[in-house]
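Undergrad: Residue numbering for the sequence shown follows this note's numbering, starting at 254 and increasing by one per position.
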Amino acid sequence: MNRLLFFSAGFSLIFAVSCSSSSNDNNTQTRIINIPTYKVEDRNAQDCRKLFSDAKRVSLKSTDKNTTLANIGSIKFERDHLYVLDDITRKLIKYDQFGNPIQILSHRGRGHGEYLDIVDFCIDNEENVFIVDGQRDIINKYSRDFEFLSTYNLHAEIDLIQILDNGNFLLGLSSWNNRKYAGDELIITDGNFNKIKTVARYGRNIDDNYWIDSPRFVKTEDNIIYHRTIDDHVYILNSADGELKEIINFDFGSRTIKEDERLNIENKIETQKFKDKTTLKSCFSISKHNLFGTLFDNQESRQIYMDMDSRKITIFHKDKSKAVPFIQFCGAGSGYLLAYELEQHPNRDDETYTIYLYNIH
Numbered sequence: 254m255n256r257l258l259f260f261s262a263g264f265s266l267i268f269a270v271s272c273s274s275s276s277n278d279n280n281t282q283t284r285i286i287n288i289p290t291y292k293v294e295d296r297n298a299q300d301c302r303k304l305f306s307d308a309k310r311v312s313l314k315s316t317d318k319n320t321t322l323a324n325i326g327s328i329k330f331e332r333d334h335l336y337v338l339d340d341i342t343r344k345l346i347k348y349d350q351f352g353n354p355i356q357i358l359s360h361r362g363r364g365h366g367e368y369l370d371i372v373d374f375c376i377d378n379e380e381n382v383f384i385v386d387g388q389r390d391i392i393n394k395y396s397r398d399f400e401f402l403s404t405y406n407l408h409a410e411i412d413l414i415q416i417l418d419n420g421n422f423l424l425g426l427s428s429w430n431n432r433k434y435a436g437d438e439l440i441i442t443d444g445n446f447n448k449i450k451t452v453a454r455y456g457r458n459i460d461d462n463y464w465i466d467s468p469r470f471v472k473t474e475d476n477i478i479y480h481r482t483i484d485d486h487v488y489i490l491n492s493a494d495g496e497l498k499e500i501i502n503f504d505f506g507s508r509t510i511k512e513d514e515r516l517n518i519e520n521k522i523e524t525q526k527f528k529d530k531t532t533l534k535s536c537f538s539i540s541k542h543n544l545f546g547t548l549f550d551n552q553e554s555r556q557i558y559m560d561m562d563s564r565k566i567t568i569f570h571k572d573k574s575k576a577v578p579f580i581q582f583c584g585a586g587s588g589y590l591l592a593y594e595l596e597q598h599p600n601r602d603d604e605t606y607t608i609y610l611y612n613i614h
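1) Apart from the five residues just before and just after C375, which ones in its own chain have a Cβ nearer than 7 Å to its Cβ?
2) Based on DSSP bridge pairs, tell me the residues matched to D295.
3) With a threshold of 16 other CB atoms inside 10 Å of the CB of D317, please say whether the residue is buried or exposed.
4) By alpha-carbon positions, which one of N297, L407 and N430 ends up nearest to Y558?
5) Which class does L304 belong to by DSSP, given the choice of helix, strand or coil?
6) Expressed to the nearest angstrom, what Euclidean distance is found between the alpha-carbon atoms of I539 and F545?
7) Please find out if some non-hydrogen atom of the ligand NAP comes closer than 8 Å to the beta-carbon of V372.
8) Tell me H480's beta-bridge partners as DSSP assigns them.
9) Among the residues of its own chain, which have a CB less than 7 Å from the CB of D300, if the five just before and after it don't count?
10) Does DSSP put I613 in a helix, a strand or coil?
11) Enumerate in chain order the residues of its own chain whose CB-to-CB distance from T442 is below 7 Å, with the five nearest sequence positions on each side excluded.
12) What number of angstroms, rounded off, separates the C-alpha of T281 from the C-alpha of N287?
13) Quick one: what's got a C-beta closer than 6 Å to L407's C-beta in the same chain, skipping five residues either side?
14) Run through the segment 403-478 for me and flag every whole beta strand (DSSP E) of 3 or more residues, listed as ranges in chain order.
15) What number of angstroms, rounded off, separates the C-alpha of G456 from the C-alpha of K433?
16) Grouping DSSP H, G and I as helix and E and B as strand, with all else coil, what is I518?
17) Report, in whole angstroms, the separation of the C-beta atoms of L595 and Y606, which I expect to be a contact under 8 Å.
18) To the nearest angstrom, how far is the alpha carbon of I608 from that of L304?
19) Taking only the alpha-carbon atoms, compute the straight-line gap between I355 and H334 and give it to the nearest angstrom.
20) Near K528, what residues of its chain come up, given a Cβ to Cβ distance below 8 Å and the 5 sequence neighbours on each side ignored?
21) Let me know if S274 comes out buried or exposed under the rule of 16 or more other beta-carbons within 10 Å of its beta-carbon.
22) Using the rule of at least 16 other Cβ atoms within 10 Å of the residue's Cβ for burial, across every protein chain shown, is F503 buried or exposed?
23) Report the three-state DSSP secondary structure of F527 (helix, strand or coil).
24) Whose C-beta lies closer than 7 Å to the C-beta of E542 among residues of the same chain, with five residues either side of it excluded?
25) CA-CA distance, A323 and T342?
26) Considering only residues of the same chain and omitting the five flanking positions on each side of I357, which have a CB-CB separation below 8 Å?
27) Beta-carbon separation of C583 and I371 under 9 Å?
28) Report all residues from its chain with a CB closer than 8 Å to the CB of S276; omit the five preceding and five following residues, and keep chain order.
29) Under 8 Å: do the segment 470-484 and the segment 521-535 share three or more Cβ pairs, one atom per stretch?
30) Please list, in chain order, all residues of the same chain as D373 whose beta carbon is under 7 Å from its beta carbon, the five residues on each side excluded.
31) Taking only the alpha-carbon atoms, compute the straight-line gap between L338 and S327 and give it to the nearest angstrom.
32) Rounded to whole angstroms, what's the CA-CA distance from S492 to A453? Just pull it up for me.
33) Closest to E499 by C-alpha separation, out of D349, H486 and S359, would be which residue?
34) On the criterion of 16 or more Cβ atoms from any shown chain inside 10 Å, does L610 qualify as buried, or is it exposed?
35) If you draw a straight line from the C-alpha of S507 to the C-alpha of D460, how long is it?
36) Would you kindly check if the distance between the Cβ of A585 and the Cβ of I613 is under 9 Å?
Take a look at the structure:
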């Protein structure tokens, strides 16, 4: 029987990873990561810095109040530019490779070319930016200089957007969407957002009112990684055309959150029963060689690094007694894993975000 034993900081974490393949009804290969016995390291979050010792570092500069970040929501790296979405102010800032802000998108409102709430964005080959307005349920297109170009109304509620190499789009629809494309989870559209096909439909118990973490697309060199909580499946899609290549299932054995437990989970997640539960919170990069992600375990978030070649897994935990900066995984792009660190300057009121670009190839 497969077992997972997570212990609090200071104890070792015992589990194992074994992989097998099967096929679902769509003949898509499913790789199952199971849990027998494999010793992994339980490390302090500060030790995560060692993973990024050879990473490129970019300190994000602020020139005025408008370029000051309140809190990083998501980061993308495309064509030597960093794009950072502030999840409090909902503005999007474009930086050069040295961390200098060069464009700011903050046209909030209901007027022409404006938006209320950016929930996701993507960048095409010409550096045009497409944003999803989660309140108005529209997609706005802006030029590389953040000049407004056009608006698209899909008459559906959308969470995620990613342009494909062939110019089509992969969209992630909200689980509560009861308008156009109701029941669809992932769809492919043409360049004008006309639906071409359904990639996946909602068939699992999803709590519409509660997320442990935001759903996300993470674009690597050849693939798009898709994950949504609470779900222990990761979908790997072809970045060229959006075709589903593989499904990876993280099986936490007796600690898995069961299907019937996922409904109304907001009322359960902080109860004593869920101290014995583990689920995948986020997946930022996964390949045959390694994985960077986050677990929700013992009602806490724990960053993990998995080395597939040496079969070694490292769990990073935060020391709650110390307010020290730590590196937070946040995405991928152009062959790099992206992470950030927020540093408070001594004797000053300001803070600096440092972005780490770790070559994952």
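A virtual CB, placed ideally from N, CA and C, is assigned to each residue, including glycine. Quantities reported herein were computed from a predicted structural model and do not represent experimental measurements.
TA: Taking the structure as given:
1) If you ignore the 5 residues before and after C375, its C-beta comes within less than 7 Å of the C-beta of F383, I414, Q415 and I416, all in its own chain and listed in chain order.
2) D295 is bridged to I568.
3) Exposed, because fewer than 16 other Cβ atoms sit within 10 Å of the Cβ of D317.
4) Residue N297 is the option with its Cα nearest to Y558.
5) DSSP places L304 in the helix class (H, G or I) of the three-state scheme.
6) If you draw a straight line from the Cα of I539 to the Cα of F545, it is about 7 Å long.
7) What this structure holds is no ligand at all, so the ligand NAP is not there to describe.
8) Residue pairing for H480: DSSP places it in a beta bridge opposite R469.
9) Same-chain partners within the cutoff: F569.
10) DSSP places I613 in coil when its eight states are reduced to three.
11) For T442, where only same-chain residues beyond five positions count, the Cβ hits under 7 Å are N421, F422, L424, K448 and I449.
12) Computed Cα separation, rounded: 19 Å.
13) So the list reads F446, once near-sequence residues are dropped.
14) Listed in chain order, the complete beta strand (DSSP E) runs (minimum 3 residues) inside the segment 403-478 are 411-416, 422-426, 437-442, 448-454 and 469-472.
15) Linking G456 to K433 through their CA atoms gives a straight-line distance of about 17 Å.
16) If DSSP states are grouped into helix, strand and coil, I518 belongs with the helices.
17) Contact holds; Cβ gap of about 6 Å.
18) C-alpha separation (whole angstroms): 14 Å.
19) Cα to Cα, I355 sits roughly 10 Å from H334.
20) If we look at K528 and ignore the five residues flanking it on each side, its Cβ neighbours are N551 and Q552.
21) Because S274 sits at a pLDDT of 38, beneath the cut-off of 50, its placement in the model cannot be relied upon, and the point is left open.
22) Buried, since its Cβ has 16 or more Cβ neighbours within 10 Å.
23) Helix.
24) First, the residue type needs correcting, since residue 542 is His and not Glu in the sequence shown. Counting only Cβ-Cβ distances below 7 Å, and skipping sequence neighbours, we find M561 and D562.
25) A323 and T342: Cα-Cα distance of roughly 7 Å.
26) Correct list, in chain order: N319, T320, K344, L345, I346, K347 and F399.
27) At the C-beta level, C583 and I371 stay beyond 9 Å of one another.
28) Note that S276 scores 38 on pLDDT, short of 50, meaning its location in the model is unreliable and no value can be drawn from it.
29) Contact between the segment 470-484 and the segment 521-535 is present, with at least three C-beta pairs closer than 8 Å.
30) V385, D412, L413 and I414.
31) For L338 and S327, the distance between alpha carbons rounds to 5 Å.
32) Between S492 and A453, the C-alpha separation is close to 16 Å.
33) If we check each option's Cα against that of E499, H486 comes out closest.
34) L610 counts as buried, since no fewer than 16 other beta carbons sit within 10 angstroms of its beta carbon.
35) Their backbone Cα atoms lie some 21 Å apart in a straight line.
36) Taking 9 Å as the Cβ cut-off, I613 and A585 qualify as a contacting pair.
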